[in-house]
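Trainee: Have a look at the structure that comes next, please.
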Amino acid sequence: MDAIPFKAFVALLTQGIATPRPVVRRIIAAQPDGAQRLMLVALGAAMQGLVWALIGLIGPGGDAALGVGGLLALMAMSFLNYAITASLAFNIGRRFGGKGAAAEVASAVAWHAVLTGALAPLQVLALGGATGTPTVGGGGVLFLLIYAGLNVWLLASCVAEAHRFESTGRVLGATLALFLALGLILSLLLGGLQA
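In this note's numbering, the protein residues as written are 198 to 392.
Structure follows, in structure tokens:
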């Protein structure tokens, strides 16, 4: 996978959000190796961190920016999220007839990390900016729904393309069902811990 100029990257990113499947196809065709996939994940985390750092510096209070520890935690969580998501997407997709190789699915999930990084401004709007205690309220709920919807749709598109599924909608439905099941299990576990 070769480096591309900034303007071409922005165009690829914009196209990746508007019509993700053709771009995911290009990313998979470039056959990024493991290190390049990790660089894509790091790029996505860096994009998110940069937006949050800038908002923290220019927002109310001016000192709510992510520190180095916060940026490192964001990076670590991004790598953990990538590993879990790539593994689940590959294994569950295979169980439902997906044809993608592990490297193809991992490349698609790594590209999803970059797309998620580009959605960071929606996160900021949803959480009301970096005011020290971000909360979702008022218009932020709308931005949160837009962010969550785009994020899940992009993930489903990336996984559908990697596994060569015809329907992104079915993958989206399966992804939402998986998220709901995991949320239910987590809430049952947490509820059991509090009892």
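Yeah, the Cβ is synthetic: ideal placement off N, Cα and C, and Gly gets one too.
These figures come from a predicted structure and were not determined experimentally.
Alpha carbon to alpha carbon, how far is ARG292 from GLN245? Give it in angstroms, no decimals.
Mentor: One-based indexing of the sequence shown puts residue 245 at position 48. One-based indexing of the sequence shown puts residue 292 at position 95. Going by the C-alpha atoms only, they are around 33 Å apart.
Trainee: How would you call ARG223, buried or exposed, if buried means at least 16 neighbouring beta carbons within 10 angstroms?
Mentor: Numbered from its first residue, the sequence shown carries residue 223 at position 26. Classification of ARG223: exposed, given that the 10 Å Cβ count is below 16.
Trainee: Can you give the Cα-Cα distance for LEU339 and VAL349, rounded to whole angstroms?
Mentor: Stepping through the sequence shown from its first residue, residue 339 is reached at position 142. Stepping through the sequence shown from its first residue, residue 349 is reached at position 152. When rounded, the distance between both Cα atoms is 15 Å.
Trainee: Could you give the residue range of the alpha helix (DSSP H) that holds PRO202?
Mentor: In the sequence shown, residue 202 corresponds to position 5, counting from 1. Unbroken run through PRO202: none, as it is neither H nor E.
Trainee: Which residues in the same chain as ILE225 place their Cβ atom closer than 6 Å to its Cβ, once the five residues preceding and following it in sequence are excluded?
Mentor: On the sequence shown, position 28 is the one that residue 225 refers to. Closer than 6 Å at the Cβ level, and outside the excluded window around ILE225, lie GLU301 and SER304.
Trainee: LEU351 and PRO217 - do their beta-carbons sit closer together than 7 Å?
Mentor: Along the sequence shown, read from residue 1 onward, the residue named residue 217 stands at position 20. Along the sequence shown, read from residue 1 onward, the residue named residue 351 stands at position 154. It is a contact, given that the beta carbons lie within the stated cut-off.
Trainee: ALA327 to ALA353, Cα distance in whole Å?
Mentor: Numbered from 1 along the sequence shown, position 130 holds the residue referred to as residue 327. Numbered from 1 along the sequence shown, position 156 holds the residue referred to as residue 353. Because ALA327 sits at a pLDDT of 49, beneath the cut-off of 50, its placement in the model cannot be relied upon, and the following sentence gives the value as read from the coordinates. Near 29 Å, if we compare the C-alpha coordinates of ALA353 and ALA327.
Trainee: I'd like the list of long-range same chain contacts for PHE287, defined as Cβ closer than 6 Å, with 5 residues on each side in sequence excluded.
Mentor: Here the question's residue 287 lines up with position 90 in the sequence shown. Contacts found: ALA299 and VAL302.
Trainee: Let me know the secondary structure DSSP gives GLU363 once reduced to three states.
Mentor: Position 166 of the sequence shown, counting from 1, holds the residue named residue 363. Coil, per DSSP.
Trainee: Could you check the C-alpha separation between VAL207 and ASN278 for me, to the nearest Å?
Mentor: Taking the sequence shown and counting its residues from 1, the one referred to as residue 207 is at position 10. Taking the sequence shown and counting its residues from 1, the one referred to as residue 278 is at position 81. CA-CA distance, VAL207 to ASN278, rounds to 24 Å.
Trainee: Once the 5 residues before and after LEU377 are set aside, which same chain residues still bring their CB inside 7 Å of it?
Mentor: Position 180 of the sequence shown, counted from the start, is the residue given in the question as residue 377. If we look at LEU377 and ignore the five residues flanking it on each side, it has no Cβ neighbours.
Trainee: Under DSSP, the alpha helix (DSSP H) around ALA298 begins and ends at which residues?
Mentor: Mapped onto the sequence shown, residue 298 falls at position 101. In the DSSP assignment, ALA298 falls outside any alpha helix (DSSP H), carrying neither H nor E.
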